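All residue numbers in the first sequence are consecutive under the numbering used here, ending with 1054. Encoded as structure tokens, the structure appears first; notes follow it.
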Amino acid sequence: MTDGLRALLAEPAPVCAPALLGATIAGRGVTLRITEVEAYWGPTDPGSHGHRGPTPRNRHLFGPPGTLYAYRSYGIHTCVNVVSGPEGTSSGSLLRAAEVVDGIEVARARRGPSVTDVALARGPGNLGQALGAVLGEDDGTSLLDGSGPFRLTLAPGLEARLTAADPADVVAELLRETVAGPVGAARVRRISVGPRTGVAGVAGGATFPWRSWWTGDPTVSAYRRHQRAVD
DNA sequence: CTTTCGATATTCT
DNA sequence: GAATATCGAAAGC
């Protein structure tokens, strides 16, 4: 693994998550470029699986940075998080959408022949299926050292920035480019930030605007408020 | 277009 | 028993 990635993953999920946009996760015959993420920070976040402490399901969310945390959603779907921050705290970035950049035939075989390319890994359950994630085998494996089925690689250009400056400052710059748009470079992907999908009550809405995505990217999932969301 | 509902593991009330 | 970091099909407008 690289020092830049190590420095980024030392940060809690709300800092780390936006910098995972453009990173790739590769393994089981496919490579995905991440286009949408949500941060979950247990110590202050009622929406986090880890907010009330470790359980058999969520224990790897407390693991060392670079751990993969997989969980069963609604009893059916397998969703994938990148664990970051200090070991012993629950901090994860949920991978919500991605572009399939390699192994598109493999992804389509898993998702079905009628699914369009941009929808192959759109939504966290679909992303997990396109990856071929297996809950029992993959939960708790490393995304960094090659000992697990998947490997995480930073977006091009971020490695140098993350080793030259404080990662929190680099992420703040990335988000500033969100508001101002491309500064001088030929073409910079803009990042949008908003409330998390499917999270109800105070944990949703404006309290924790911890969903981030590539503005206008066709692989990003549609926002849906939770059924029982409160004002 | 929007809303409803079934599938169902894990956790909390 | 109810809610949940979801998805897709079916039904209603």
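Just so it is clear, CB atoms sit at the ideal spot from N, CA and C, and this is done for glycine as well. A quick note: this is a predicted structure, and the numbers were derived from the prediction, not measured.
Distance check for residue j and residue i, CA to CA, integer angstroms please.
{"i": "His900", "j": "Arg919", "result": "12 Å"}
{"i": "Tyr862", "j": "Gln952", "result": "Here residue 862 turns out to be Ala, not Tyr, going by the sequence shown. Computed Cα separation, rounded: 21 Å."}
{"i": "Val1025", "j": "Leu884", "result": "22 Å"}
{"i": "Thr854", "j": "Pro879", "result": "29 Å"}
{"i": "Thr890", "j": "Ala842", "result": "17 Å"}
{"i": "Ala983", "j": "Ala840", "result": "18 Å"}
{"i": "Ala1029", "j": "Pro1018", "result": "6 Å"}
{"i": "Glu859", "j": "Pro888", "result": "20 Å"}
{"i": "Trp864", "j": "Arg931", "result": "33 Å"}
{"i": "Gly898", "j": "Ala987", "result": "43 Å"}
{"i": "His1049", "j": "Asp968", "result": "37 Å"}
{"i": "Pro979", "j": "Gly827", "result": "11 Å"}
Between which two residues does the alpha helix (DSSP H) harbouring residue i extend?
{"i": "Ile927", "result": "927–934"}
{"i": "Gly1017", "result": "First-last for Gly1017: 1014–1017, but that is the beta strand (DSSP E), not the alpha helix (DSSP H)."}
{"i": "Leu958", "result": "958–961"}
{"i": "Leu981", "result": "981–987"}
Where does the unbroken beta strand (DSSP E) through residue i begin, and where does it stop?
{"i": "Val860", "result": "853–864"}
{"i": "Asn949", "result": "Segment 947–954 is the alpha helix (DSSP H) holding Asn949; no beta strand (DSSP E) there."}
Quick test of your reading: residue i and residue j, contact by CB under 8 Å. State the CB separation rounded to the nearest angstrom.
{"i": "Val1016", "j": "Pro1032", "result": "6 Å"}
{"i": "Ala893", "j": "Ala836", "result": "Not a contact, Cβ separation roughly 16 Å."}
{"i": "Arg1013", "j": "Thr1038", "result": "4 Å"}
Helix, strand or coil for residue i, going by three-state DSSP, please let me know.
{"i": "Glu834", "result": "coil"}
{"i": "Ala842", "result": "helix"}
{"i": "Gly827", "result": "helix"}
I want to know whether the region 971–986 touches the region 845–858 - three or more CB-CB distances under 8 Å. Contact check between the region 971–986 and the region 845–858: three or more CB pairs, one atom from each, fall below 8 Å, which counts as touching.
Count the CB pairs spanning the region 915–929 and the region 941–951 that are closer than 8 Å, and state whether there are at least three. Between the region 915–929 and the region 941–951, the count of C-beta pairs closer than 8 Å reaches three or more; the two stretches touch.
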